[in-house]
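Beneath this line is the structure, given in structure tokens, with notes to follow.
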Amino acid sequence: MVVLSGGPGCVQYLEDDRLAPGGMRAWFPEPRGVGRSGGGPHDMARAVADIEAVREAAGIDRWVVLGHSWGSDLAVRYALDHPGRVASVVGIAGHGLHNDRTWSQAYESGRHREFDIEIPWEPTVHAALLASFREWIHEPALLRRLADTPVPMTFAAPQHDIRPSWPLRQLAALVPHGRFEEVPGTDHNLWSTDPSAWTTVVTGRCHPA
Numbered sequence: 001m002v003v004l005s006g007g008p009g010c011v012q013y014l015e016d017d018r019l020a021p022g023g024m025r026a027w028f029p030e031p032r033g034v035g036r037s038g039g040g041p042h043d044m045a046r047a048v049a050d051i052e053a054v055r056e057a058a059g060i061d062r063w064v065v066l067g068h069s070w071g072s073d074l075a076v077r078y079a080l081d082h083p084g085r086v087a088s089v090v091g092i093a094g095h096g097l098h099n100d101r102t103w104s105q106a107y108e109s110g111r112h113r114e115f116d117i118e119i120p121w122e123p124t125v126h127a128a129l130l131a132s133f134r135e136w137i138h139e140p141a142l143l144r145r146l147a148d149t150p151v152p153m154t155f156a157a158p159q160h161d162i163r164p165s166w167p168l169r170q171l172a173a174l175v176p177h178g179r180f181e182e183v184p185g186t187d188h189n190l191w192s193t194d195p196s197a198w199t200t201v202v203t204g205r206c207h208p209a
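Taken in order, the sequence shown gives residues 1 to 209; the numbers are from full-length UniProt numbering.
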């Protein structure tokens with residue numbers, strides 16, 4: 001399986017085998033342009049190509065794609081572009097494929113309640129990937145591609161995440177093999193604040209059918 005961290009533009013903060021599902025080999029790629037990884041350009045197409053390059057180098061035919069936050073949205077893009085290489089997508093605390101004003105207002109109004117975790121990030125990479133994401137979600141055929149995807153997708157929303165979960169519920173309802181679930185008693189960064197809950201979720205959802 002491959003584990004995609006959030007951001008965009010953050011370092012790979014999930015690189016810990018204890019956060020991976022038991023019994024599965026995990027790869028933790030460092031996003032381009034941050035941490036130990038250099039180079040550009042910075043857009044979603046390049047990010048997807050980087051993930052695919054890791055798969056090819058590892059000699060894996062199909063794998064589970066686990067993403068947290070922005071990594072969840074990137075996992076969906078990767079699965080749409082390479083459906084034959086993805087056994088399933090598991091997205092935890094994702095943003096969803098939208099640029100909705102009311103969602104943003106709810107997020108901004110709740111930021112003071114969120115536990116702050118210091119994660120190194122690159123503002124220029126963040127800005128470039130965010131612009132690329134917003135361009136992608138405006139593609140005319142995107143909803144059709146989602147409605148036709150054969151890839152099973154599970155979207156999990158922490159109960160106390162300040163980010164509204166309705167975009168994830170919509171995604172789970174749209175894709176043919178979609179599932180939505182709420183993770184009780186957890187917040188956005190449950191990988192750090194409640195690692196046992198994180199491990200329970202990913203172990204239960206990341207094993208291929």
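Don't be surprised by glycine CBs; every beta carbon is placed ideally from N, CA and C.
From which residue to which residue does the alpha helix (DSSP H) around residue i run?
i	result
Glu56	44-58
Gly71	70-81
Thr40	The residue asked about is misnamed: residue 40 is Gly in this sequence, not Thr. Careful: Gly40 lies outside any alpha helix (DSSP H) and carries neither H nor E.
Ser88	First-last for Ser88: 86-92, but that is the beta strand (DSSP E), not the alpha helix (DSSP H).
Leaving out five residues before and five after residue i in sequence, what residues of the same chain have Cβ atoms less than 6 Å from its Cβ?
i	result
Gln12	Ser5, Phe28, Glu30
Would you mind stating whether residue i and residue j have Cβ atoms separated by less than 9 Å?
i	j	result
Leu174	Ala157	no
Gly39	Arg32	yes
Leu190	Ile92	yes
Gly71	Pro167	no
Arg18	Thr199	yes
Gly110	Asp73	no
Based on the DSSP output, what are the partners of residue i in its beta bridges?
i	result
Arg144	Beta-bridge pairing links Arg144 to no other residue.
Pro158	Val183
Which same chain residues, not among the five before or five after residue i, have their C-beta less than 7 Å away from its C-beta?
i	result
Arg134	Asn99
Ser132	Asp43, Met44
Asp50	Pro29, Arg32
Val201	Ile92, Ala156, Val183
Leu14	Val3, Ser5, Phe28, His68, Trp191
Taking 8 Å as the limit between beta carbons, can you name the residues of its chain near residue i, skipping five residues before and five after?
i	result
Pro41	Ala128
Arg113	Ile162
Distance cutoff 9 Å, beta carbons only. Does residue i sit that close to anything in chain C?
i	result
Val64	The structure shown contains no chain C, having only a single protein chain.
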